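Chains as they are written, first to last, in our numbering: chain H, -4 to 146; chain V, -4 to 146.
Here it is, written out as structure tokens:
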């Protein structure tokens, strides 16, 4: 299936993606590699910390969000070329057994002033748990191809 | 060794962390789990993409940065409690064999208005490759404990 070009999008377009159930094993495995702190590594030790139990690294939650986004219902032609992320937030922690779902909304669209074959969009991606609580959100700036038109 | 409290920091404090050499295998492994796109999965297929070769997922670069940060020379008491990240950028891609190094600078310090036992800081984390080029940067907002003092 051909991917989407800049011209195919309009402000406010929304996309609903798939879901992922996160396990304690995944949380610990990610943390061992990238974020080795007590509250990400061991349930018992985690109980005595700020979070009072095992929680996923924020980078793990964000990476799962990327997976849902990349395999979701928004498919740009040429892939996801991210150049920036702002407003990355974790209003609540992700805990073992949480079922994460993600959606996207197009919040900005602009053509390149210098390159006629591309433009940029800003997409707000939101990750929620099974109770509908936001566990992660961000605004990504991405490069999108334009359809080459006859001048 | 006891960790740092809010009062131990001043604006402009800098911390140099360790290094990590990223392999093609790591890039592909991370991508399979979290960012399955051609330019992260397969060197040959990647040559025909925007990046003209295998590159790490931006989330992988950021996660390696977190690892260097967590195991680095800045150790807050109670761990790294991140509440927000802004200005996450990838000015250049990370490629196989790159040696990544990270440093941090304290760019904002504030006490909590409502909680006398804590405050917030903003830290600018920068990840560079072996040529000194920035491959990732961000500003993290973190909660820091205050020393409980006699009033």
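Even glycine gets a Cβ: it sits at the ideal position worked out from N, Cα and C. It should be emphasised that the depicted structure is a prediction, and the values quoted were computed from it without experimental measurement.
- Taking a C-beta distance under 8 Å as the contact criterion, residue 65 of chain V and residue 14 of chain V do not qualify as a contact pair.
- In this structure, the beta-carbon distance from residue 99 of chain V to residue 9 of chain V falls below 8 Å.
- Residue-level contact by beta carbon holds for residue 79 of chain H and chain V, with a gap shorter than 8 Å.
- Less than 8 Å divides the Cβ of residue 137 of chain V from the Cβ of residue 115 of chain V.
- For residue 87 of chain H, no CB of chain V lies under 8 Å from its own CB, so it is not counted at the interface with that chain.
- When beta bridges are read from the DSSP output, residue 12 of chain V appears opposite no residue.
- Under the three-state reduction of DSSP, residue 58 of chain H is assigned to helix.
- The stretch 41 to 104 of chain V contains, as complete beta strand (DSSP E) runs of 3+ residues, the segments 76 to 84 (chain order).
- Below 8 Å, too few C-beta pairs join the stretch 29 to 44 of chain H and the stretch 114 to 129 of chain H to call them touching: fewer than three.
- DSSP, read as helix, strand or coil, puts residue 1 of chain H in helix.
- Scanning chain H for C-beta atoms nearer than 9 Å to the C-beta of residue 45 of chain V yields 73, 74, 76 and 138, reported in chain order.
- A contact between stretches requires three or more CB pairs, one per stretch, nearer than 8 Å, and the stretch 68 to 84 of chain V meets this requirement with the stretch 35 to 51 of chain H.
- Following the DSSP letters along the chain, one finds residue 122 of chain H inside the beta strand (DSSP E) bounded by residues 113 to 123.
- With 16 or more other CB atoms across the displayed protein chains lying within 10 angstroms of its CB, residue 93 of chain H is buried.
- Annotation: residue 1 of chain H has no Cβ neighbours in chain V at a cutoff of 9 Å; minimum Cβ distance is about 15 Å.
- For residue 132 of chain V, there are no C-beta contacts with chain H under 8 Å, since the nearest C-beta of that chain is about 10 Å from it.
- Bridge partners of residue 143 of chain V according to DSSP: none are assigned.
- For residue 133 of chain V, the three-state secondary structure derived from DSSP is strand.
- In the structure shown, residue 22 of chain H falls within a helical segment according to DSSP collapsed to helix, strand and coil.
- In the same chain as residue 63 of chain V, and ignoring 5 residues on each side of it, the C-beta atoms closer than 8 Å to its own belong to 12, 13, 14, 15, 95, 96, 97 and 122, in chain order.
- Here DSSP, grouped into helix, strand and coil, assigns residue 126 of chain V to coil.
- The contact set of residue 59 of chain V on chain H, defined by CB atoms closer than 8 Å, consists of 29 in chain order.
- A distance below 8 Å separates the beta carbons of residue 36 of chain H and residue 26 of chain H.
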